[in-house]
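> Position in the sequence shown (first residue = 1) + 5 = this note's numbering. The beta carbon of each residue, even a glycine, is placed where N, CA and C say it ideally should be. The structure that follows is given in the form of structure tokens.
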Amino acid sequence: MNRTTHALRPVLLALGVVLLAACTKDVGGTEELMELATDDEIPALGVSIAEHLQGEVQALTDLFAGKRFLFFPLVAALLWSLSRAVHTIVRLFRRVGLDRGRSSSEWEVLINACMLLLFVYIVGIRLFRAAPLLTIALISAAILAISLAFPQTLQNFAASVRLASNGALRPGTQVSIVGSAGVVAEHRLGYVVLRTEDGQLVSIPARSIASEPVTTAMTVDATLVRVCVPHDATEGAGVELIRQLALLSPYRHPATDVFVERQPAGIEVEFRVWSREPPLVIQERVRESMIRSLERRLRPSKGTKNP
């Protein structure tokens, strides 16, 4: 049994405690059933249980009938909208250079995990209040079915939350994992995206990262690179825009700062990057990446000037 399975135990235990607590508090007719049991009226007990289950089936039917059914898609749409809003805010923080440590992606993973659990909790409570016994049976069957049908999905979910909690794989960190080496480009719920030295993007499941040895480079191993963006490429761009693009560069180490200086030949940018290639090769690659990013940023304004 791997570590991701152990990470699922507290979640399942907490879910069971909540369900048991709600069951002992809210289940209607429990005291009457216990009184029947103490009076040794087994036939009456069986009839009462059958009537109780029949009432719960009717309650679930009423819950999903008519406009009441819209409650569940509305909650899902609301939480999905909040998730997209969080993703937009994270991208905005990166774009304006406020996330220099690049920890916002970890917060995004944790927030998305919390919203997913919140959706399950809201739906479970809604069903539990209408039909407690059937809800417990359905949730137990659903957990068993998901565990058997999609074990890797659950492991990826738990491993991704654990990786985001310890902050081991922030975007911009140089790692070597599962036969791939590169810079962490993005950390999403369930997987991590690596950018290799040749520019390719490789998606690695979070469970593989949690169960395999991960080699992380130290800050002192990063190479100091100075590139000059020529004036013809920086037309209409200021020093602050170049600084923001440098902070967003996938090659930059997240724990290092960016130095920008205007020179006669253009705007010089200096920061530390991860690479095992020769300095001249990575320098040219960073310069081309900066120019492409600058062209994409200035493309709307240039189109406005010259329609």
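1. Closer than 8 Å by C-beta to S185: which residues in its own chain qualify, once you throw out the five before and the five after it? Chain order, please.
2. Using a Cβ-Cβ cutoff of less than 8 Å, which residues in the same chain neighbour L65 once the five nearest sequence positions on both sides are dropped?
3. Whole angstroms is fine: what's the gap from S86's alpha carbon to T93's?
4. Under 8 Å by Cβ, that's how I've got I247 and V278 pegged, so tell me the actual separation to the nearest angstrom.
5. Fully enclosed by the stretch 100 to 146, which alpha helix (DSSP H) runs are 4 residues long or longer?
6. Could you say which of I116, Y196, G187, Q179 lies nearest to L159 if we only look at CA atoms?
7. Quick check: does the Cβ of A270 come within less than 8 Å of any heavy atom belonging to the ligand MG?
8. Please report the Cβ distance between S165 and V114, rounded to the nearest whole angstrom; I am assuming they are in contact, meaning their Cβ atoms lie under 8 Å.
9. Can the beta-carbon of R267 be found less than 9 Å from the beta-carbon of V244?
10. Please report the distance separating the alpha-carbon of I272 from that of R292.
11. Quick check on V219: does DSSP put it in helix, strand or coil?
12. Give the single residue among A169, V263, I182, P218 whose Cα lies nearest to the Cα of T116.
13. Got a sec, what are the start and stop residues for the beta strand (DSSP E) A186 sits in?
14. Can you have a look at G172 and say buried or exposed, based on whether 16 or more other CB atoms are within 10 angstroms of its CB?
15. With DSSP as the reference, label R231 as helix, strand or coil.
16. For V80, which of helix, strand or coil comes out of DSSP?
17. Taking the C-alpha atoms as reference points, what is the distance between R297 and I287?
18. Taking buried to mean at least 16 other C-beta atoms within 10 Å of its own C-beta, is S213 buried or exposed?
19. Determine the contact status of L252 and M295, defining contact as a CB-CB distance below 9 Å.
20. Once the 5 residues before and after D31 are set aside, which same chain residues still bring their CB inside 8 Å of it?
21. Counting only the same chain and skipping the five closest in sequence on each side, list residues whose C-beta sits under 6 Å from that of Y256.
22. Under a three-way DSSP split, which group does V286 fall into?
23. Just verifying my parser: in three-state terms, what is the DSSP assignment at L65?
24. Measuring alpha carbon to alpha carbon, tell me which residue in A270, S254, F276 is nearest F264.
25. Just mark F74 as buried or exposed, buried being the case when its beta carbon has 16 or more other beta carbons within 10 Å.
Taking the definition as stated:
1. The sequence position of residue 185 within the sequence shown is 180, counting from 1. Only residues of its own chain outside the window of five on either side were considered, and among them L199, T201, V207, I209 have a CB closer than 8 Å to the CB of S185, listed in chain order.
2. Here the question's residue 65 lines up with position 60 in the sequence shown. The beta carbon of L65 lies closer than 8 Å to those of L132, A135, A136, L139 in the same chain, with the five residues before and after it left out.
3. On the sequence shown, residue 86 is found 81 positions in, with the first residue counted as 1. On the sequence shown, residue 93 is found 88 positions in, with the first residue counted as 1. Approximately 10 Å between the Cα atoms of the pair.
4. Here residue 247 is taken as the residue at index 242 of the sequence shown, counted from 1. Here residue 278 is taken as the residue at index 273 of the sequence shown, counted from 1. Not a contact, Cβ separation roughly 16 Å.
5. Qualifying alpha helix (DSSP H) stretches, in chain order: 109 to 135.
6. Locating residue 159 in the sequence shown gives position 154, counting from the first residue. Among I116, Y196, G187, Q179, the Cα nearest to that of L159 belongs to Y196.
7. Ligands in the displayed structure: none, and consequently the ligand MG is not present.
8. Position 160 of the sequence shown, counted from the first residue, corresponds to residue 165. Position 109 of the sequence shown, counted from the first residue, corresponds to residue 114. Sure, about 6 Å apart at Cβ, within 8 Å.
9. For the purposes of this step, residue 267 is taken as the residue at position 262 of the sequence shown. For the purposes of this step, residue 244 is taken as the residue at position 239 of the sequence shown. Against a cut-off of 9 Å, the Cβ pair of V244 and R267 comes out as a contact.
10. Here residue 272 refers to the residue found at position 267 when the sequence shown is read from its first residue. Here residue 292 refers to the residue found at position 287 when the sequence shown is read from its first residue. Each residue's alpha carbon lies about 11 Å from the other.
11. Here residue 219 is taken as the residue at index 214 of the sequence shown, counted from 1. Taken through DSSP and simplified to helix, strand or coil, V219 comes out as coil.
12. The residue you call residue 116 lines up with position 111 of the sequence shown. This sequence places Ile at residue 116; Thr is not what is there. Cα-wise, what sits closest to I116 is A169.
13. Counting from one through the sequence shown, the residue named residue 186 turns up at place 181. Counted as a single uninterrupted DSSP element, the beta strand (DSSP E) harbouring A186 occupies residues 185 to 193.
14. The residue given as residue 172 occupies position 167 in the sequence shown. Answer is exposed; the Cβ neighbour count stays below 16.
15. On the sequence shown, position 226 is the one that residue 231 refers to. Three-state DSSP puts R231 in a strand.
16. One-based indexing of the sequence shown puts residue 80 at position 75. In the structure shown, V80 sits in a helix (DSSP, three-state: H, G or I).
17. Taking the sequence shown and counting its residues from 1, one reaches residue 297 at position 292. Taking the sequence shown and counting its residues from 1, one reaches residue 287 at position 282. R297 and I287: Cα-Cα distance of roughly 15 Å.
18. The residue you call residue 213 lines up with position 208 of the sequence shown. By the 10 Å Cβ count, S213 comes out buried.
19. Counted from its first residue, the sequence shown places residue 252 at position 247. Counted from its first residue, the sequence shown places residue 295 at position 290. Going by C-beta atoms, L252 is not nearer than 9 Å to M295.
20. Here residue 31 is taken as the residue at index 26 of the sequence shown, counted from 1. With a pLDDT of 45 at D31, under the threshold of 50, the modelled position of this residue cannot be trusted, and the question is left open.
21. Start at 1 with the first residue of the sequence shown, and residue 256 comes out as number 251. So the qualifying residues of the chain are V278, V291.
22. Residue numbering aside, residue 286 sits at position 281 when the sequence shown is read from its first letter. Reduced to three states, the DSSP call for V286 is helix.
23. Position 60 of the sequence shown, counting from 1, holds the residue named residue 65. The three-state secondary structure of L65, taken from DSSP, is helix.
24. The residue you call residue 264 lines up with position 259 of the sequence shown. Of the candidates A270, S254, F276, the one whose C-alpha sits nearest the C-alpha of F264 is F276.
25. If you number the sequence shown from 1, residue 74 lands on position 69. Flag for F74 reads exposed.
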